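One structure is given here, and the rest of the page talks about it.
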Amino acid sequence: GEDVEQSLFLSVREGDSSVINCTYTDSSSTYLYWYKQEPGAGLQLLTYIFSNMDMKQDQRLTVLLNKKDKHLSLRIADTQTGDSAIYFCAESPNAGNNRKLIWGLGTSLAVNP
Amino acid sequence: GAGVSQTPSNKVTEKGKYVELRCDPISGHTALYWYRQSLGQGPEFLIYFQGTGAADDSGLPNDRFFAVRPEGSVSTLKIQRTERGDSAVYLCASSLGTSGRAGEQFFGPGTRLTVL
Numbered sequence: 001g002e003d004v005e006q007s008l009f010l011s012v013r014e015g016d017s018s019v020i021n022c023t024y025t026d027s028s029s030t031y032l033y034w035y036k037q038e039p040g041a042g043l044q045l046l047t048y049i050f051s052n053m054d055m056k057q058d059q060r061l062t063v064l065l066n067k068k069d070k071h072l073s074l075r076i077a078d079t080q081t082g083d084s085a086i087y088f089c090a091e092s093p094n095a096g097n098n099r100k101l102i103w104g105l106g107t108s109l110a111v112n113p
Numbered sequence: 001g002a003g004v005s006q007t008p009s010n011k012v013t014e015k016g017k018y019v020e021l022r023c024d025p026i027s028g029h030t031a032l033y034w035y036r037q038s039l040g041q042g043p044e045f046l047i048y049f050q051g052t053g054a055a056d057d058s059g060l061p062n063d064r065f066f067a068v069r070p071e072g073s074v075s076t077l078k079i080q081r082t083e084r085g086d087s088a089v090y091l092c093a094s095s096l097g098t099s100g101r102a103g104e105q106f107f108g109p110g111t112r113l114t115v116l
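Protein chains in written order, with the working numbering: chain A, 1 to 113; chain B, 1 to 116.
Written out as structure tokens, the structure reads:
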């Protein structure tokens, strides 16, 4: 079945790196996503990775994909207080043109000054 | 440019009433998705439209839920005989297409539905 799991909380000090982990179950997923949700704001796509890649870097963000273990991680370098938010991992199972997203529960990141 | 908009932003209704939630996608986006997010949960897929047709409605919880997109743009999610368990934030997303970068979904701010 389809299931995405994440740890619920992470607390880091400002300036440190944050690593948020996610596991998924659908090996056919072609795209894997990280979204950010701030209080009172909509879901914002941070980055995504195609299943034939194992790493993607975008400024302070690094995504690692271990397809064998169905494990995805998001590393945020030099974490700032403005990075405090809920981070969702989502997979898009291979369903033809349907790119519906299956979501984890979200990891609440707290950045302490 | 305008993003995805949803109206109303908040809706409070009584158990048993009928509600309609509206989504205006980004102009030119052919794919439209509805999700709902309960407190402390991730979004849950409800329905996907490609153009005017509902290509996948497997996420609709039961037959009290229905959605339309008659002209391939604006979509309305309709909930009959609302129940307290329907209380959630209903999210709409649209994408330009479904391949590669075009499949990136842009989300609206959501409609918070409260059923008393």
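Built from N, CA and C at the ideal position, the CB exists for glycine as well. No experiment lies behind these values; they were computed from the predicted model shown.
| Query | Result |
| --- | --- |
| Helix, strand or coil for B:T7? Go by DSSP, reduced to three states. | strand |
| Quick one: using the 10 Å Cβ neighbour count with 16 as the cut-off for buried, is B:K17 buried or exposed? | exposed |
| How many Å lie between A:A90 and B:K11 at the Cα? | 27 Å |
| Should B:S99 be labelled buried (16 or more other beta-carbon atoms within 10 Å of its own) or exposed? | exposed |
| Would you decide whether B:S95 is buried or exposed? Buried here means 16 or more other CB atoms lie within 10 Å of its CB. | buried |
| Hey, quick one: how far does the beta strand (DSSP E) through A:M55 stretch, first residue to last? | M55 to D58 |
| Got a sec: is the Cβ-Cβ distance from B:E71 to anything in chain A below 8 Å? | no |
| Determine which residues of the segment 89–104 of chain A have a Cβ less than 9 Å from any Cβ of chain B, and write them out in chain order. | C89, A90, S92, A95, G96, N97, N98, R99, K100, L101, I102, W103 and G104 |
| From this set, B:G72, B:F107, B:F65 and B:T114, which residue's C-alpha is nearest B:A2's C-alpha? | B:F107 |
| From which residue to which residue does the beta strand (DSSP E) around B:V74 run? | Unbroken run through B:V74: none, as it is neither H nor E. |
| Going by DSSP, name the residue or residues bridged to A:N52. | According to DSSP, which records beta bridges pairwise, A:N52 is partnered with nothing at all. |
| Along the segment 45–56 of chain A, where does the CB come closer than 7 Å to a CB of chain B? Name the residues. | L45 |
| As a quick exercise: from A:C22, A:P93 and A:G40, pick the residue whose alpha carbon is nearest that of A:V119. | There is no way to answer for residue 119 of chain A, as the model of chain A reaches only from 1 to 113. |
| Suppose the cutoff is 7 Å on Cβ atoms and the five residues either side in sequence are ignored; what does the same chain contact list for A:R60 look like? | I76, A77 and D78 |
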